[in-house]
Amino acid sequence: MTTFIKILNGTDLRSADINGKSDPYVTVTFGEEKPIWRTWVQKKTLSPIWNQWCELEDVEGKLILDVWDWDKIGKHAFLGRAIVDLGEISVNELETLPLQLEKREGKKKDKAQGQIYLLIHKDPPSEVEPFLGQGKGNPMVDASVKIKKDKPPKDVEIKEKKEKKEKSEKKEKKEKKKKKKKKEKG
């Protein structure tokens, strides 16, 4: 059986950074295993919009969604956990779930705040496209792209390097323009 999970958005997340915001991302885990999938990092926000599909094959039991604050240096901060029992999800029903974030069991120092919203569909017809953008009860739902478990999104660091390079190139262009204007005036 195939389970499609769309991690839609988060609201009212805890601030974990000095700027009063967080850089949240979500990891998907079953049991106490290592995460099998994660979303992109959304920078400087307490209300992230991920809108990312995760396609999982032959999974049952409890789905653990941990929300983390990404940090370039040091340990990523825990923002909250939501657990979904996939056995309670109806087959061929598209369900939108608002989930309250909670502390991890046995972790007294954890702080959790906010909610995340998911769309879950088990064993859909051959095409997932008719289900994209559907779901009642959440205004943040829109079309997205399905992402298979064996093809996770590119690592965040690659995206950041590209953004940093583009920013650097933009800055160089701006400086060249300034120098050119100075030469023309002088």
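Here the sequence shown is numbered in UniProt numbering, starting from 1 and rising by one per residue. Ideal Cβ positions, reconstructed from N, Cα and C, are used throughout, including at glycine.
Query	Result
Euclidean distance between Cα positions of residue 73 and residue 24	15 Å
Same chain, Cβ closer than 6 Å to residue 70, five either side skipped, listed in chain order	23, 25, 41, 76
Span separating the alpha-carbon of residue 110 from that of residue 80	8 Å
8 Å Cβ shell around residue 68 - same chain, five flanking residues per side excluded	24, 25, 26, 27, 76, 77, 78, 79
Residue ranges of each beta strand (DSSP E) within the segment 57-129, 3 or longer	62-69, 77-85, 94-100, 115-122
Rounded Cβ spacing between residue 56 and residue 3 (contact assumed at less than 8 Å)	5 Å
Residues that DSSP places opposite residue 52 in a beta bridge	7
Inter-residue spacing [alpha-carbon to alpha-carbon] between residue 91 and residue 63	16 Å
Straight-line gap, residue 118 to residue 164 (C-alpha atoms, nearest Å)	31 Å
Rounded separation between residue 105 and residue 121 - CA only	27 Å
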